[in-house]
Amino acid sequence: MTTDSLYVHNYEGQGYGASLLVLSTVLILFLRSRENQEMQGILPVVILTWGLTIWLSFDGSFRFPHDGMDIPLHIQEGLYFSKQGVKGNDLPARIAHFWSEETRVYGSDATKWTPTGDSRTGIPFLLNTLGEMPHFVRVWVGNPQKDGDEVFGLGIAFPRRNDGTYFHSPSKPLYIVLHGLTGGTHELLIVDFVKRCLAEGSTAIVMIARGLMDTPVMGWDMFHGARVSDIAAAAGVVKNAVSKVYQQRQHEQGVKRAQPVVGVGYSMGGIVLNNYVARSGTSCDLDAAISVSGGLDMKEQMSFPRGRRLWEPLLVERLRDEVILGKFGNRAKARLGHANMLAFQRAASIQALDAHSTAVYNGYRNVKHYYSEMSAMGDFESIESVGRIGNVSIPLCIFHALDDPLITWRAVAKIPPDVMVETGHGSLMFLLTKSGGHVGWPLGWNPTKEAWAFMNNAGIHFGNAVQLALEEKAKN
């Protein structure tokens, strides 16, 4: 426990892990020598050590050095944005002004019995339940940029009145949601977010990744993390519909601007969302975006052995067996060849799976090339040459826990966030928490009561702040 990076990060070298080791050792000696009366004097030592353990866990005054640990000692939690405004862009500062601080601070109400990012990630998925499903309307969208015959699905959830009728409010933010690696409209945390949107009177649109949820793939091009043409097509269709509603409301009611279209991406969906916003630049069809537990530079995953060893084997099995082989096995066998197919079936990590399947199948030189192309900071060289991340033209908030056990903090904050927010158009924002795990952030002693409240409410509060900031700007 005292050498695990997430433990050290959470307790800052706090010594009660060592005292727990001493307690365990003394207790074993005590139990083994109960019949030896001369050893009964060890009982006070057990009690003293147990008390020391509890005291250190709350006091935190006894710390161990942690040189060489992969933990972000130099990164402080909090909200980062350009306070002065780059090139006159004060929109991030306006958003920060309207975004209540209490809704973006994770700490006092966090689940105390989840000591590291591992438990903060796993516990919500183990304990939270689905509950009543929202009603989704399935709409099919074609991808005009590539493969004209290819389509993907959108699941649209509308708010519901007390009389049971559905409606769309053009005065509320509209959310386009990108789910995780193997998710969809049935994914627990996505359902939780959609329900919270509906309670606010907002419409939520979940983009179903190509081929998932039994949606068809007509040609050879399955989903992969570097493709942004699908989200570009979805955002374009939604933006066009919103613009038509705005034109009508402008004519009839004199409104000054359309409702904001806000992108919300989780995990892999966040990675895709970041990449789309960076690559699309000033032609982005979103008004703002927030990425939850999604990396900016996924090449950093190649030097993150902890996540590869502990968490990725769990993801690989489902992704390979249920998604790739289960639905697209014939396509995979035809393109990969015997050697890659064998290595793919033996893969025990996402990186190994990508190296022998995704990268090969989609024509990338290697897995590093694939990760570079899927990342908003994939071509970052230096502050003087930031690459496509400098093209971000809308407020893009990177919401990440520094103890994320799946996507390393270096994929988000290797370059200090207070430096990154001043690059390009000054549109980047970072909301970093010291703890929270990967799409986790459980609350209270019974985290099932709140489900993913902190994480998903943060996305909604961000959307509301965007709307207020845009309205204020329109008045000026």
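Using this note's numbering, you'd call the opening residue of the sequence shown number 3 and step up by one each time. The beta carbon of each residue, even a glycine, is placed where N, CA and C say it ideally should be. Only a predicted model underlies this, so the values are computations on that prediction, with no experimental measurement involved.
Compare the C-alpha of V274 against each of D232, A415 and Q249 and name the closest.
Taking only the C-alpha atoms, the option nearest V274 is D232.
Look up C399 in the DSSP assignment and give the residues it is bridged to.
Beta-bridge partners of C399 (DSSP): I292 and M431.
Three-state secondary structure (DSSP) at G62?
Reliability fails at G62, whose pLDDT of 47 lies under 50, so the model's placement of it is uncertain and no value is given.
Once you ignore the five residues that flank L445 on each side, which residues in its own chain have a CB closer than 7 angstroms to its CB?
D111, A112, T113, E452, A455 and F456, listed in sequence order.
Would you list, in sequence order, the uninterrupted alpha helix (DSSP H) runs of no fewer than 4 residues that lie entirely inside the region 253 to 325?
As far as the region 253 to 325 is concerned, its whole alpha helix (DSSP H) runs of at least 4 residues are 270 to 282, 307 to 312 and 314 to 320.
Quick one: residues in its chain with C-beta nearer than 8 angstroms to the C-beta of Q303, no 5 flanking neighbours on either side, listed in chain order?
Scanning its chain for C-beta atoms nearer than 8 angstroms, with the 5 sequence neighbours on each side dropped, one finds around Q303 the residues G297, G309, R310, I352, Q353, Y373, I409, T410 and A413, in chain order.
Buried/exposed call for L321, threshold 16 Cβ in 10 Å
By the Cβ-count criterion, L321 is buried, with 16 or more other Cβ atoms from all chains shown falling within 10 Å of its own Cβ.
Given a cut-off of 8 angstroms, decide if H11 and L404 are closer than it, judged by their beta-carbon atoms.
It is a contact, given that the beta carbons lie within the stated cut-off.
Apart from the five residues just before and just after Y278, which ones in its own chain have a Cβ nearer than 7 angstroms to its Cβ?
V230, I233 and A234, listed in sequence order.
Three-state secondary structure (DSSP) at N12?
Correct three-state label for N12: helix.
Pull the bridge partners of F2 from the DSSP assignment, please.
With the chain running from 3 to 478 in the structure shown, residue 2 is simply not present.
Can you tell me whether R229 is helix, strand or coil according to DSSP?
Coil, per DSSP.
Candidates G166, G157, P161 and R348: which alpha carbon is nearest G185's?
It is G157.
Boundaries of the beta strand (DSSP E) in which Y177 is found, first to last residue
From DSSP, the beta strand (DSSP E) with Y177 extends over L176 to L180.
Do V369 and A378 have their C-beta atoms within less than 8 angstroms of each other?
No, the Cβ-Cβ distance between V369 and A378 is not below 8 angstroms.
Using CA atoms only, rank isn't needed, just tell me which of V421, V294, K416 and D216 is closest to E324.
Taking only the C-alpha atoms, the option nearest E324 is D216.
On a CA-only basis, which of W447, V240, M135 and P397 is nearest F432? Give me that one, please.
Checking every option, the nearest Cα to that of F432 belongs to P397.
So, using beta-carbon positions, are G392 and T435 closer together than 8 angstroms?
In this structure, G392 sits away from T435, with a CB-CB distance that is not shorter than 8 angstroms.
Residues that Y82 bridges to, as DSSP identifies them:
Y82 is bridged by DSSP to F432.
Let's test the definition: count the other Cβ atoms within 10 Å of the Cβ of I385 and tell me whether it reaches 16, buried, or not, exposed.
Answer is exposed; the Cβ neighbour count stays below 16.
What does the alpha-carbon distance come out to for the pair W115 and F464?
Rounded to the nearest whole angstrom, the CA to CA distance from W115 to F464 is 28 angstroms.
Taking the Cβ atom as the reference point for each residue, do V244 and V219 lie within a distance shorter than 8 angstroms?
Taking 8 angstroms as the Cβ cut-off, V244 and V219 do not qualify as a contacting pair.
How would you label M224, buried or exposed, when you count the other beta carbons within 10 angstroms and need 16 or more for buried?
Looking at its Cβ environment, which holds 16 or more other Cβ atoms inside 10 Å, M224 is buried.
Beta-bridge pairing of L445 - partner residues as DSSP gives them
Under DSSP, L445 forms a beta bridge with A112.
Which partner residues does Y168 have in the DSSP bridge list?
In the DSSP assignment, Y168 is bridged to R162.
Kindly list the residues whose CB is nearer than 8 angstroms to the CB of G238, restricted to its own chain and excluding five residues on each side of it in sequence; keep chain order.
Residues of the same chain with a CB within less than 8 angstroms of the CB of G238, apart from the 5 flanking positions on each side, are D287 in chain order.
Local Cβ density within 10 Å of T284, reported as buried at 16 or more and exposed below that
Classification of T284: exposed, given that the 10 Å Cβ count is below 16.
I'd like to confirm the pairing. Which residues does DSSP put opposite A1 in its beta bridges?
It is not possible to answer for residue 1, since the shown part of the chain is limited to 3 through 478.
I think G119 touches G380, with their Cβ atoms under 8 angstroms apart; what is that distance to the nearest whole Å?
Their Cβ separation, rounded to whole angstroms, is 25 angstroms, which puts G119 and G380 out of contact at 8 angstroms.
Leaving out five residues before and five after D356 in sequence, what residues of the same chain have Cβ atoms less than 7 angstroms from its Cβ?
Once the five neighbours on either side are set aside, the close Cβ partners of D356 are V369 and Y372.
Straight-line CA distance for Y366 to H226?
C-alpha separation (whole angstroms): 12 angstroms.
Three-state secondary structure (DSSP) at V369?
Secondary structure of V369 (DSSP, three-state): helix.
Among the candidates A415, L472, G442 and P449, whose CA atom is the shortest distance from the CA of P74?
Answer by Cα proximity: A415.
Residues near V388 in its chain [Cβ-Cβ closer than 7 angstroms; skip 5 each side]:
If we look at V388 and ignore the five residues flanking it on each side, its Cβ neighbours are F382, T425 and G426.
What is the rounded straight-line gap between the Cα of L200 and the Cα of P136?
Distance between the alpha carbons of L200 and P136 is about 9 angstroms.
By how many angstroms is the C-alpha of S305 removed from the C-alpha of P67?
Legend: pLDDT at P67 = 47, less than 50; position of this residue unreliable, value from coordinates given subsequently. Approximately 23 angstroms, taken between the alpha carbons.
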